[in-house]
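K.L.:
A single structure is presented below for examination.
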Amino acid sequence: MSRRERNLVLARVAIVVVAVGILELLARLGTFGPTLSVPPSVMLQTLMASLADGTLVPDVVRTAIEIGLAYAIALAIGLPLGVVLWRSRPLAIAVEPYLLAYYVIPLFAFYPLFIKIFGGGIAPIVAIGVINGIGAIAMNVLVGLREIPRVQLAVARSLMLGQTQTLLHVVVPATIPQAFVGIRLGFIYSLIGVIAAEFILATAGVGYRIAYDYNNFESRSMFATILLVLIASIAANQALISIERRLQRHRRA
Amino acid sequence: MTRIRLLSIVALFALWEVLSLYLGEDYLPGPWLTAQVIADGIARGWLTRATWITLGEVAPAFAIAAVAGLFFGAVLGLSRLWGEIMEPLILGVYAVPKVTLYPIFLLVFKVGAASKIAFGMFHGVFPVQIIAQAAVAHIRPVYLKVARSLSLTPAQTVLHVVIPALVPALVVGLRLAFSLTFIGVILAEIFASRGGLGFLLSAADQTFDVKRVNAVIVVLAVIGVGVNLLFNLAERRVAPVRNEERQATLAA
Chain A
3 MSRRERNLVL ARVAIVVVAV GILELLARLG TFGPTLSVPP SVMLQTLMAS LADGTLVPDV
63 VRTAIEIGLA YAIALAIGLP LGVVLWRSRP LAIAVEPYLL AYYVIPLFAF YPLFIKIFGG
123 GIAPIVAIGV INGIGAIAMN VLVGLREIPR VQLAVARSLM LGQTQTLLHV VVPATIPQAF
183 VGIRLGFIYS LIGVIAAEFI LATAGVGYRI AYDYNNFESR SMFATILLVL IASIAANQAL
243 ISIERRLQRH RRA
Chain B
202 MTRIRLLSIV ALFALWEVLS LYLGEDYLPG PWLTAQVIAD GIARGWLTRA TWITLGEVAP
262 AFAIAAVAGL FFGAVLGLSR LWGEIMEPLI LGVYAVPKVT LYPIFLLVFK VGAASKIAFG
322 MFHGVFPVQI IAQAAVAHIR PVYLKVARSL SLTPAQTVLH VVIPALVPAL VVGLRLAFSL
382 TFIGVILAEI FASRGGLGFL LSAADQTFDV KRVNAVIVVL AVIGVGVNLL FNLAERRVAP
442 VRNEERQATL AA
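Residue numbers (the working numbering), protein chains in the order written: chain A, 3 to 255; chain B, 202 to 453.
What follows is the structure, given as structure tokens:
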């Protein structure tokens, strides 16, 4: 990391620390009224306590399983879908507008239908996470494949590489940086889909806990769980971004 | 190309019909029955009323999101240092399931239009900000050089060079912002409200009125996809953007 980069990171940390500090101070002074004035330190304590005594653990485990399943299925469908759309131009013309537009429709509306199709339990929630993730994955794979420089494919042909060799040595390396954007966004969108679906529809899971605490005026544990969601999703995003950076640097080198 | 698109719409309706026959109209009313329910909703007014309530909330939320997003995007785009410092922080917030923050909006603004507008705006502001910042930061240097060599004043430069150069990216940002603002308002209405399409959806859901649920979904899809198409037309008019660039994959 260069000196400049390190300074940038320090500046970001400083901003977050100052913001949290101000929030802490204002909350301790009770600026926002009794329900909203929960200092960040109290949120963290409450979160630690509810993780330690196990009250929040089943929900965390359930949500983690749902996100993991949703993401795995979204990858299993989205990656091949991107390839299929690349191979078949008519299919791409037919399907692309839907892949771009379906984010406009609140998918949660389909929950009752999913319950009918998939039964109760975690399956309908997972289904929403899957659908939320597929589009970004497939579209980015498609864009990545389309942007393979023609010259590289020509070289592969002139070297008379076989299909598998072309795939392994030309197509995959050329596509990975862009495809990984989709692989990262797919995770984020699956996560958002699952937690949002829990928040609105489910009767268990981290998202449900936030809604439950809100409805029961438990603002401390509500803020604690919100904090958990914030930390987990931002950390996951940062981890994926740093992998993405490394892949892109690798490509340029 | 148009023929394939038309065929795909036919295929979509056929799939819907087949699914509804397979699952039974008690679970998934088919296209025809749904059309009848929508007609009833328009004739008796329950659907039109809810639609107006929702649009009445989406419009101010979108307007505020657009202005605020453009402003902060431009500010952070112009200052390279602050842009670089803030970008990961903003992208981090963007990756959060924002609906879980809605209770905070409810506690601050109380149940009613204000909390839904505020949340819709919060849900939609990020793509405009992110795209505006990137567009301002990466404006082609040659444009600014030309402006300088023509010795334009700063005001002229902004008016005749900077803004036209940004328009294509901004239209993309606004399209995404509309989608997200729209979904934000619907989510807010589903969770806690007394009116609007989201409220209609959750009320129909709780009484197992699948026909109404379906009718509302169709209206949501028509509004969402319709506005999206308008933005797409605008995008094609303002600049010959490549398809891949238009697909800036921001969504939630």
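Don't be surprised by glycine CBs; every beta carbon is placed ideally from N, CA and C. Bear in mind the structure is a predicted one, so any value in this text is a computation, not a measurement.
Along the stretch 316-338 of chain B, what residues have a CB closer than 7 Å to any CB found in chain A?
P.N.:
none
K.L.:
Please list the terminal residues of the continuous alpha helix (DSSP H) segment that includes residue 171 (chain A).
P.N.:
Stepping through the first sequence from its first residue, residue 171 (chain A) is reached at position 169. Unbroken run through residue 171 (chain A): none, as it is neither H nor E.
K.L.:
Considering only their Cβ atoms, is the gap separating residue 310 (chain B) from residue 319 (chain B) smaller than 8 Å?
P.N.:
As a first step, residue 319 (chain B) is located in the second sequence; it is residue number 118 there, counting from the start. As a first step, residue 310 (chain B) is located in the second sequence; it is residue number 109 there, counting from the start. Yes.
K.L.:
Only counting the same chain, and skipping five residues up and downstream in sequence, which positions put a Cβ closer than 6 Å to that of residue 439 (chain B)?
P.N.:
The count along the second sequence starts at 1 and reaches residue 439 (chain B) at position 238. These residues qualify, in order along the chain: 368, 369, 372.
K.L.:
Of all the residues that make up the stretch 36-64 of chain A, which are near chain B by a beta-carbon distance shorter than 8 Å?
P.N.:
Flagged, chain order: 37, 38.
K.L.:
Are the C-beta of residue 14 (chain A) and some C-beta of chain B separated by less than 8 Å?
P.N.:
Taking the first sequence and counting its residues from 1, the one referred to as residue 14 (chain A) is at position 12. True, the Cβ-Cβ gap to chain B drops below 8 Å.
K.L.:
With a threshold of 16 other CB atoms inside 10 Å of the CB of residue 9 (chain A), please say whether the residue is buried or exposed.
P.N.:
Locating residue 9 (chain A) in the first sequence gives position 7, counting from the first residue. Label assigned to residue 9 (chain A): exposed.
K.L.:
Considering Cα atoms alone, identify which of B:396, B:355, B:293 is closest to residue 244 (chain A).
P.N.:
Start at 1 with the first residue of the first sequence, and residue 244 (chain A) comes out as number 242. Checking every option, the nearest Cα to that of residue 244 (chain A) belongs to B:293.
K.L.:
What whole-angstrom Cβ distance do residue 191 (chain A) and residue 134 (chain A) have, given they're in contact under 8 Å?
P.N.:
Here residue 191 (chain A) corresponds to residue number 189 of the first sequence, with the count starting at 1. Here residue 134 (chain A) corresponds to residue number 132 of the first sequence, with the count starting at 1. Their Cβ separation, rounded to whole angstroms, is 5 Å, which keeps residue 191 (chain A) and residue 134 (chain A) in contact under 8 Å.
K.L.:
With DSSP run on the structure shown, which of helix, strand or coil describes residue 383 (chain B)?
P.N.:
Sequence index remark: in the second sequence, residue 383 (chain B) carries index 182 (1-based). In the displayed model, residue 383 (chain B) falls within a helix according to three-state DSSP.
K.L.:
From what residue to what residue does the alpha helix (DSSP H) around residue 123 (chain A) run?
P.N.:
Working through the first sequence from its first residue, we reach residue 123 (chain A) at position 121. Careful: residue 123 (chain A) lies outside any alpha helix (DSSP H) and carries neither H nor E.
K.L.:
Whose C-alpha, out of A:158, A:93, A:177, A:129, is nearest the C-alpha of residue 149 (chain A)?
P.N.:
Here the question's residue 149 (chain A) lines up with position 147 in the first sequence. The residue with the shortest Cα to Cα distance from residue 149 (chain A) is A:177.
K.L.:
Check the Cβ of residue 231 (chain A) against every Cβ in chain B and list those closer than 8 Å, keeping chain order.
P.N.:
For the purposes of this step, residue 231 (chain A) is taken as residue 229 along the first sequence, with counting starting at 1. For residue 231 (chain A), the C-beta contacts it makes with chain B under 8 Å involve 297, 298, 301, in order along the chain.
K.L.:
Look at residue 109 (chain A) and residue 141 (chain A) and say whether their C-beta atoms are less than 8 Å apart.
P.N.:
By 1-based counting over the first sequence, the position of residue 109 (chain A) is 107. By 1-based counting over the first sequence, the position of residue 141 (chain A) is 139. No, the Cβ-Cβ distance between residue 109 (chain A) and residue 141 (chain A) is not below 8 Å.
K.L.:
Run through DSSP, which three-state label would residue 100 (chain A) get?
P.N.:
Taking the first sequence and counting its residues from 1, the one referred to as residue 100 (chain A) is at position 98. In this structure, residue 100 (chain A) counts as helix in the three-state DSSP scheme.
K.L.:
At a cut of 8 Å, does the stretch 349-368 of chain B reach the stretch 411-422 of chain B through at least three beta carbon pairs?
P.N.:
no
K.L.:
Considering residue 274 (chain B), what are the terminal residues of the alpha helix (DSSP H) in which it resides?
P.N.:
As a first step, residue 274 (chain B) is located in the second sequence; it is residue number 73 there, counting from the start. Segment 247-279, the alpha helix (DSSP H) holding residue 274 (chain B).
K.L.:
Can you tell me the Cα-Cα spacing of residue 80 (chain A) and residue 86 (chain A), whole angstroms?
P.N.:
Counted from its first residue, the first sequence places residue 80 (chain A) at position 78. Counted from its first residue, the first sequence places residue 86 (chain A) at position 84. Taking the straight line joining both Cα atoms gives about 10 Å.
K.L.:
So does the stretch 219-235 of chain A actually touch the stretch 40-57 of chain A, counting three or more Cβ pairs closer than 8 Å?
P.N.:
The answer is yes - the stretch 40-57 of chain A touches the stretch 219-235 of chain A, with three or more Cβ pairs under 8 Å.
K.L.:
According to DSSP, is residue 453 (chain B) part of a helix, a strand, or is it coil?
P.N.:
For the purposes of this step, residue 453 (chain B) is taken as the residue at position 252 of the second sequence. Only weak support exists for where residue 453 (chain B) lies, its pLDDT of 36 falling under 50; the coordinates are left without a value.
K.L.:
I need the straight-line Cα distance from residue 250 (chain B) to residue 114 (chain A), nearest angstrom please.
P.N.:
By 1-based counting over the second sequence, the position of residue 250 (chain B) is 49. By 1-based counting over the first sequence, the position of residue 114 (chain A) is 112. Distance between the alpha carbons of residue 250 (chain B) and residue 114 (chain A): 24 Å.
K.L.:
According to DSSP, is residue 289 (chain B) part of a helix, a strand, or is it coil?
P.N.:
On the second sequence, residue 289 (chain B) is found 88 positions in, with the first residue counted as 1. Here residue 289 (chain B) sits in helix by DSSP.
K.L.:
Of all the CB atoms in chain B, is at least one closer than 8 Å to the CB of residue 124 (chain A)?
P.N.:
In the first sequence, the residue the question calls residue 124 (chain A) occupies position 122. Taking Cβ atoms only, chain B never reaches closer than 8 Å to residue 124 (chain A), which makes this a no.
K.L.:
Helix or strand or just coil, what does DSSP make of residue 227 (chain B)?
P.N.:
Mapped onto the second sequence, residue 227 (chain B) falls at position 26. In the structure shown, residue 227 (chain B) sits in coil (DSSP, three-state: anything other than H, G, I, E or B).
K.L.:
Looking at the secondary structure, which residues open and close the alpha helix (DSSP H) in which residue 2 (chain A) lies?
P.N.:
Past the edges of chain A, shown from 3 to 255, lies residue 2 (chain A), and the structure says nothing about it.
K.L.:
Here's the rule: buried if 16 or more other CB atoms are within 10 angstroms of the residue's CB, otherwise exposed. What is residue 446 (chain B)?
P.N.:
One-based indexing of the second sequence puts residue 446 (chain B) at position 245. Since pLDDT at residue 446 (chain B) reaches only 48, below the 50 mark, its modelled position is unreliable, and the value read off the structure follows with that caveat. When all chains shown are included, residue 446 (chain B) counts as exposed.
K.L.:
Whose C-alpha, out of A:145, A:139, A:175, is nearest the C-alpha of residue 155 (chain A)?
P.N.:
By one-based count along the first sequence, residue 155 (chain A) stands at place 153. When only C-alpha atoms are compared, the closest one is A:175.
K.L.:
Please confirm whether residue 116 (chain A) has its beta-carbon closer than 8 Å to some beta-carbon of chain B.
P.N.:
Your numbering for residue 116 (chain A) matches position 114 in the first sequence. Closer than 8 Å: no.
K.L.:
Determine the direct distance from the alpha carbon of residue 181 (chain A) to that of residue 251 (chain A), and round the result to whole angstroms.
P.N.:
Locating residue 251 (chain A) in the first sequence gives position 249, counting from the first residue. Locating residue 181 (chain A) in the first sequence gives position 179, counting from the first residue. Rounded to whole angstroms, residue 251 (chain A) to residue 181 (chain A) spans 15 Å at the Cα level.
K.L.:
Three or more C-beta pairs under 8 Å: does that hold for the stretch 263-279 of chain B against the stretch 423-440 of chain B?
P.N.:
no
K.L.:
Determine, using beta carbons only, whether residue 455 (chain B) comes closer than 8 Å to chain A.
P.N.:
The shown model of chain B, from 202 to 453, leaves out residue 455 (chain B), and the question about it has no answer.
K.L.:
So residue 200 (chain A) packs on residue 210 (chain A), CB below 8 Å; how close in whole Å?
P.N.:
What you label residue 200 (chain A) is simply residue 198 of the first sequence in a count that begins at 1. What you label residue 210 (chain A) is simply residue 208 of the first sequence in a count that begins at 1. Sure, about 5 Å apart at Cβ, within 8 Å.
K.L.:
Measuring only the C-alpha atoms, how far is residue 72 (chain A) from residue 351 (chain B)?
P.N.:
In the first sequence, the residue the question calls residue 72 (chain A) occupies position 70. In the second sequence, the residue the question calls residue 351 (chain B) occupies position 150. Going by the C-alpha atoms only, they are around 56 Å apart.
K.L.:
CA-CA distance, residue 128 (chain A) and residue 159 (chain A)?
P.N.:
Working through the first sequence from its first residue, we reach residue 128 (chain A) at position 126. Working through the first sequence from its first residue, we reach residue 159 (chain A) at position 157. Each residue's alpha carbon lies about 43 Å from the other.
K.L.:
Measuring alpha carbon to alpha carbon, tell me which of A:248, A:189, A:138, A:202 ends up nearest residue 66 (chain A).
P.N.:
Locating residue 66 (chain A) in the first sequence gives position 64, counting from the first residue. It is A:189.
K.L.:
For residue 215 (chain B) and residue 145 (chain A), I'd like the C-alpha separation in whole angstroms.
P.N.:
Taking the first residue of the second sequence as 1, we reach residue 215 (chain B) at position 14. Taking the first residue of the first sequence as 1, we reach residue 145 (chain A) at position 143. So the alpha carbons of these two residues sit roughly 29 Å apart.
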